[in-house]
Amino acid sequence: MVESITINGDSYEVNFANLPADISLNTFIREHAGLTGTKFMCQEGGCGVCVCALSGIHPVTGELSTWAVNSCLTLLNTCLGLEVTTTEGLGNKRKGYHAIQDRLAKMNGTQCGYCSPGFVMNMYALLKGQGGKVTMAEVENSFGGNICRCTGYRPILDAMKSFAVDSNIPVPKECADIEDLSTKQCPKTGQLCAGSCKKQSQRNVQLYSDGSRWSWPQTLPDLFQALQDAAKEKLPYIIVAGNTAHGIYRRDVEIKAFIDVRGLAELRGHTVSDKGLTLGANLSLTETMAICRQLEQTSGFEYLAQVWLHLDWIANVPVRNAGTLAGNLSIKHAHPEFPSDVFIVLEALDAQVIIQESADKQRTVSLAEYLKTPMQGKIIRGFVLPALSKDKVLFDSYKIMPRAQNAHAYVNAAFLLELDATSKVKNARICFGGIRPDFVHATAVEQLLIGRNPFENALLEQVFSKLSTLLQPDEVLPDASPAYRLKLACGLLYKFLLKAAAQRQQKLNSRHTTGGNLLARPVSKGEQIFETFEQHYPVTKPTEKHEGLIQCSGEATYANDLPTQHNQLWAAFVTAKRVGAVVTKVDTAPALALPGVVAYLDAKDIPGPNNLGPHTKDDFFFKEVEQLFATGPIRYYQQPIGIVLATSNALAQRSAELVQISYEGGAEEVLPNMKYVLEAETAGDRIKQPVKSMIDKLDLQEPFELQASGKLDMGLQYHYFMEPHTTVVLPFEGGLQVYAATQWMDLTQDIIASVLKLKSNEVQVKTRRIGGGYGGKASRCNLVAVAAALAAHKLNRPVRFVQSLESIMTTTGKRWAFHCDYDFFVQRSGKIVGLNSRFYEDAGYLENESPLGHTVLLSKNCYEFSDNYKLDGFLVLSDSPTNTPARAPGSVEGIAMIENIIEHIAFETGVDPADVRFANILPGHKMGDMMPRFLKSTLYRERRADIIAHNKEHRWRKRGLGLCIMEYQIGYFGQYPATVAIYHSDGTVVVSHGGIEMGQGMNTKIAQVVAHTLGIPLEQVRIEASDTINGANSMVTGGAVGSETLCFAVRKACNTLNSRLEPLKEELKPADWQTLINAAYDRKINLIASDQCKQGDMEPYSVCGLCLIEVELDVLTGNYLVNRADILEDTGESLNPNVDIGQIEGAFMMGLGYWTSEQIVVDKQTGECLTNRTWNYKPPGAKDIPIDLRIELLPKSPNKAGFMRSKATGEPAICLSIAVAFALQQALQSARDDAGLAKSWVTLNAPMTPELLVLHAGTQPGQLTLN
C-alpha cells in the first residue's frame, strides 16, 4: 500500500513496503522528507528538540485543531490524514521568517540553536491551538518539555511571552508581528489545510514483510476483529494512541501487531450528568484538562480544578497532547511500580473503569479490580468520575518532583475526606504513589479517621505514628531513599489537613498556616543592565546572534543534518557489562542474522594503535592510553568492545544488544565512583597525589579563637549537550571526509589518522557548528568519531554514528566529582588565621585531562593567604568512564571549596557571611570596591533582616539568602588560526577559522570585529564552517577564551588587509568600499589574509563577580523556589552585551542545576549508571529559573589586558551558582532550630536535592500539629 502524508503543505509518498511498521514521524521527516530542522536527542519525549505540530479534525467534535507532539515518539502511521508542520514550514530565508522565529532570534533566545526549532514549534502550536489568545502564565507553563542547556531560558521565555495578551515585555521594533498563524490555507475555509477535503483512502490493515501488521479500526467491531486476528495468529500486539509509554518503558521489540485507536469516536467523547462524569478512554490528557476547565464551576465537579492542576504536573505539553487516560492506566497495569498520577487521582476519587470485553459487552469495575484484571483481548472503554458535594467532601492531590516540571514523582498522593453533618469523617481515601508497587491505600489510617474530627492534634499524633509504621517504602535505585519518601508522604497528608483546617476555619497556629499550601510560582521576569560604546559599533553593540534566524528556522545545519548518503551505514557500540572481567568470546551471529545488519568491528580491525590519544605523547592532557575498543580487563560498565554497522539507526542499536559476550573473571568489588573508593579499606594505588602543599605544616602567625572542621561533596555532572555525539564519515579518494560534532578538530583529525595509519592530510574534519559542548566534546566526541572513521575506512562506505543518550551517559565521562576535608582556625571576626584543606577529584579509570591545577589556582579566590594555607590535592581512580572537563573544570570546585569554608566560618562565629568575606579579602583587591556596591544595590542587609524575621513567623516555609564572590582566572594556550577573504564582485567578506561555534556567540563577535576593523556593514560578513584546512593545528575551543582568541586572529588578518588597501585608499580618496575593492582586484592586491592568535599574544587576567540568591523552602517537601538572583560580573567592555549576558545566564543556570537537581546514581554492584535518560536525570527547566533574575555588567571597567578591553564570559558565572546552596543552608538552619536540633553545620552537597533538605530538617511526626 502506498499512502501520502502532508508536511508543510507538501505531499510525501509513504511506501509501506520500504518502511518498518514502527517508524517514527521524526525518522520520516528527517531521512525521507529531508527536513532536518526537526532534531532528535533523547528519543523519549523528554528534551523537546523534536517537537513539531499536527493539525487535524477531531473525530467527535469535527473541529479542526492544532497541537504539538514529540516527533520522536509519534509513530508515522498515526499521522496519516493529518497535516504535519515543522519549523521549515513556518518561514525561512527565501520566503521570510515567521514572527515566532524572528522574535526568538532578535530577542537573543538562541545560543547553540539545537533546541530552537523545538521551542518555535511548541509556541506555534500553542498560539495556533488557542487562536493566538494566550497569557504570559500559560506561555511560561508550556515549555516544561523543552530543555535548553545554553541560554538559561530567560530570553526564550521573554520572546515567547511577548506574544501573550497580557504581555508587558518590550519587543524590538524590527520584530515582525503575528498576522497569520497558518501555513498553507484551504481555499474553501481559509483555515490550515488538514487534508480533510481530499478523498481519504479506506485504511484497514497494512501487512509488512517482517510479519508485522498495522490496523486502523474505525469502529469497536473493527477493533475487536483486529484483536482476534492478532490472537489467532499469535502476534504480540499493542494498542497505539500517543505511544508516549515508550518514553518510560521501551516498547517490546517483539511487538508485531499495531492497533491504532485514534480514530474511534466511541473512545474520544465525554458525557456529564448530576451523578457523574464519563470520560472516553482515549481522551488525551490535554483534552481531559479542557473538560475539567469547562466543568470546574459545575455543582458536584468543583474538584475538577484540582484534577486539572494535577494533570498539568504530568510530563509536558507535547506528551499530554498525545498521551491518553487509558494509556497512562495501562502503564500502571503493566508496571505496578509506575507512580501514575492519573491512577492516584482517580483512585482517591473512587472513579470506576469501564472495561470493554468485546464489541457488545462491557463491565464497570474499580481501579483496584482493573489492576488485577487480565486485559489481553480487552480494552478500557472509559472512566466514570462521581459528582461530589464540595460542602461535604475535602479533596486535594500532590506530586513532589526533583524539578518544577517534566519529572515523575518522588511521591504522589491524593486524599479525600467525606464529612458528616458534625464534621466527622464519614469516608476516607488516603492514597499514595511512589511507596512500593503493592501500596496504594493507607487503609489503617483511613480506618483511624472514620468517625473522628480530623482537626484534633491528638488524632493527628495517632495518624502520623500509624502512617510512619505503615508505609515502609521500598529501596530501588535510582529512586529517592525510603527515609525521604516516608517523611514526604507524612508531610503531604499533614499539608492536606492543614489546608483543610484553614478552609474549615479551624483553630490553627499562625506559624503553621503557610505549610498547608504548595509553593506558588508567579511568572518570572528579568533585568539586564549594561553599557555600550557607540564609537566602537558594531563592537559593543547588543546585536542579535549572527546565525540566530537560521537556527530558529531549522536552516542551520549540524553534523547529522548532512543528507542521507547512498549506501550509508549506521553504527552502534557493543559494550561489556562485567567490570574487571576479560572478554573470552563475542558471538555476533544473532545480530548479523538480522536483515540489514552488515558488519561487526572490534580491536582486531584497527590498523594502527588502539588509542584515543594523539600521535605524540601529551603528558598534559593525555597521560595514559585510552583504548577505542577494550581488549584487556573491562574497566567500567558498558565499556565499548566493538561496533555493529546496519542500514538504519534503530537496527544498529537493536542489533548491538543482540551480540552475546562471554567473560572470564571479574572484580571482587566494583568501586564505581570516588565515594566508594574513599570508603574502601584497601584503596591501593587508586589514590594519587599530584598536588602537594608547598608547606609541610601550617604556620599560625596569629592567635586563633575558634577552630572547626568540615567537608564538601560535589557529584558528577553530565554536560547535557542537546546534540548527541555525532560523526558522519565519507570515504573519498583514499581518504576520509569527517563531519564531526567536536570542540577540537585538530585532535579528532590526529587520532583518526593515527588509529587508521593514515596521513593527516588524508583526514579532513569539518564542523560548521555543534549543538552545545561545555567541554564534553573536547575529547569524548572521539570515541564516536574514530569508531565511525574506522568503519568507513574498513567497509569503504559512508558511516553515520549518532550515539544514543543512554549510551553517552554510560560510556563517556562527566564533570569530575569532588570531595574536600578541611580544618580552619579563625578569630571571632571571621578572619582566617590558618586553613588546612585536602581535596579529592574523581578521574574515572584514567588520569587524563585532570582539572586539579585549576582547582588549586582558584582555591584562594580573592582572599588573603600566605603560609597559613595548606592545600593538598588527590586524584582518585574509580571503575567508571574517564571523566573529562566540564564548564569551568576545576574552577567550579576551587571556588566552591573556599566559599563553602567562608560560609562555615560565618556559621560558627555568628558573623554575617558578607562581613567574613570583607575580613579576608586581599587588601587592594578589586572585590573590595565591587562588594559594597553590590550589597547596597541588592539591599542585602535589609533583605537579610527581613528573612530572619520571616523565618521566625513561619514554621514550614523558610527563606534564605546566599552570597558568593568570585575571582576567575583566564589564561591562554595553544594557537587559533583564521582566514579573512574579500570577494571583489560585491565586496562581501567571508571568514573561516579554527574555532568551533557552539552557542557562545563566537561567530557573532568575529563578524562584529571584522565589520568594525574593515569599516563595513555587519551584513556583509559571513562566517564559514570550520575545517582542518583553514583551521589546521587549532587548539581546543574551550576555557571561555575561544571567542577572544579568534577575534584577535581575525583582527590581525583584517589589519593585514587594511595595510594592503591603505595606499590605494589614499590614492582613490574618497572612494566607497566597493570601488576600493574593485580597484584592488584590478591591481592584483591579495584580498585574502590569514593569521593566528598564539599563547603569549594576550596577557592573562581575572574576572570578578558576585551573586546573591534568595530562596523559599517548603520544609515538608524539600521543594523550593529561587525567588530572586542578582549577578554583577566584570566583563570589561563587552564585545556584545546580548551574547555575554546570555553566556552569564546560561552558565549560572548550568551551575544551579549542578547544585540542585542533577544527580548521578550508580549501581554499587555492577557500576552501571542508573541515571542515564531524561526520565531520571534532571537539568533545570523553564520554571526552575529564578523568578526575578537581575544581571548587571560592571560599568566603567575596561580590561587593559583583554581583547578590545573585553573579558570572557562563557565559564565564570557557573562558579557563582553555589550561592543557592548557601541560601538553602540558611533556610534549613531555621527549620532545624524549630525542630529542636542542636546547632550544627550541615554538610553541603551538589546536588542539594529535596531529599537531602527534608532529611536534614529534622522534622518528627509529633511536630505535625495544627495548633
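Under my numbering, the residue at position 540 of the sequence shown is numbered 544, and the numbers go up by one with no gaps. Backbone N, C-alpha and C fix where the C-beta goes; we use that ideal spot for every residue, glycine too. Keep in mind that this is a model prediction, so the values were computed, not measured.
Residue closest to residue i, alpha-carbon to alpha-carbon, out of the options
| i | options | result |
| --- | --- | --- |
| Tyr980 | Gln747, Thr368, Ser1244 | Gln747 |
| Ala900 | Asp1130, Lys491, Ala230, Ser1221 | Ser1221 |
| Glu1048 | Lys403, Arg804, Lys1211 | Lys1211 |
| Asp364 | Arg842, Gly66, Thr223 | Thr223 |
| Ser370 | Ile384, Glu851, Ala269 | Ile384 |
| Arg525 | Asn145, Val1119, Val138 | Asn145 |
| Gly1155 | Arg819, Ala1093, Val1054, Glu1023 | Arg819 |
| Pro1141 | Ile1195, Phe1152, Ala1186, Val1165 | Ile1195 |
| Asp14 | Leu452, Thr90, Thr82 | Thr90 |
| Val1258 | Leu1270, Thr1269, Gln711, Ala1231 | Ala1231 |
| Val143 | Gly156, Arg153, Asn126 | Asn126 |
With 16 other Cβ atoms within 10 Å as the buried cut-off, status of residue i
| i | result |
| --- | --- |
| Thr292 | buried |
| Leu1256 | buried |
| Ala234 | buried |
| Ser415 | Inspection of the sequence shows that residue 415 is occupied by Val rather than by Ser. Buried. |
| Gln195 | With a pLDDT of 48 at Gln195, under the threshold of 50, the modelled position of that residue is not reliable, and the figure given next carries that caveat. That one is exposed. |
| His62 | exposed |
| Lys763 | exposed |
| Ser427 | exposed |
| Ile1092 | exposed |
| Ala198 | In this prediction, Ala198 scores a pLDDT of 49, lower than 50, which makes its location untrustworthy; no coordinate-derived value is stated. |
| Asp606 | buried |
Local conformation of residue i per DSSP, three classes
| i | result |
| --- | --- |
| Gly1155 | helix |
| Gln747 | coil |
| Met379 | coil |
| Gly194 | Any reading at Gly194 must be qualified, since the residue scores a pLDDT of 45, below 50, and its modelled position is unreliable; the value itself is stated next. Coil. |
| Thr187 | For Thr187, the pLDDT reaches just 45, beneath the cut-off of 50, and the residue's location in the model is therefore unreliable, although a value from the coordinates is still provided. In this structure, Thr187 counts as coil in the three-state DSSP scheme. |
| Asn564 | helix |
| Pro1251 | coil |
| Ile1089 | coil |
| Cys494 | helix |
| Asn410 | coil |
| Lys608 | helix |
| Lys202 | Confidence at Lys202 is low in this model, with a pLDDT of 46, below 50, so the placement of that residue should be treated as unreliable; the coordinate-derived value is given next. Here Lys202 sits in coil by DSSP. |
| Arg1236 | helix |
| Gly1262 | coil |
| Pro889 | coil |
| Met718 | strand |
C-beta contact flag for residue i and residue j at 7 Å
| i | j | result |
| --- | --- | --- |
| Leu29 | Thr78 | yes |
| Val1040 | Ala782 | yes |
| Tyr1085 | Asn1203 | no |
| Lys549 | Thr114 | yes |
| Asn677 | Ser882 | yes |
| Leu1112 | Arg158 | no |
| Asn286 | Thr248 | no |
| Leu839 | Lys962 | no |
| Asn150 | Gly133 | no |
| Val124 | Gln105 | yes |
| Ala129 | Thr70 | yes |
Cβ contact (3+ pairs, closer than 8 Å) linking the stretch 639-653 and the stretch 790-798:
yes
Okay, do the stretch 859-872 and the stretch 1165-1182 touch, 3+ Cβ pairs below 8 Å being the bar?
no
Would you be able to state if there are at least three C-beta pairs under 8 Å between the stretch 1072-1088 and the stretch 1096-1105?
no
Counting Cβ pairs, one atom from each stretch, are 3 or more of them under 8 Å apart for the stretch 167-186 and the stretch 1224-1243?
no
Count the C-beta pairs between the stretch 989-1002 and the stretch 525-536 that are closer than 8 Å, then say yes if the count reaches three, no if not.
no
Inspect the CB distances between the stretch 347-365 and the stretch 251-263 and report whether three or more fall short of 8 Å.
no
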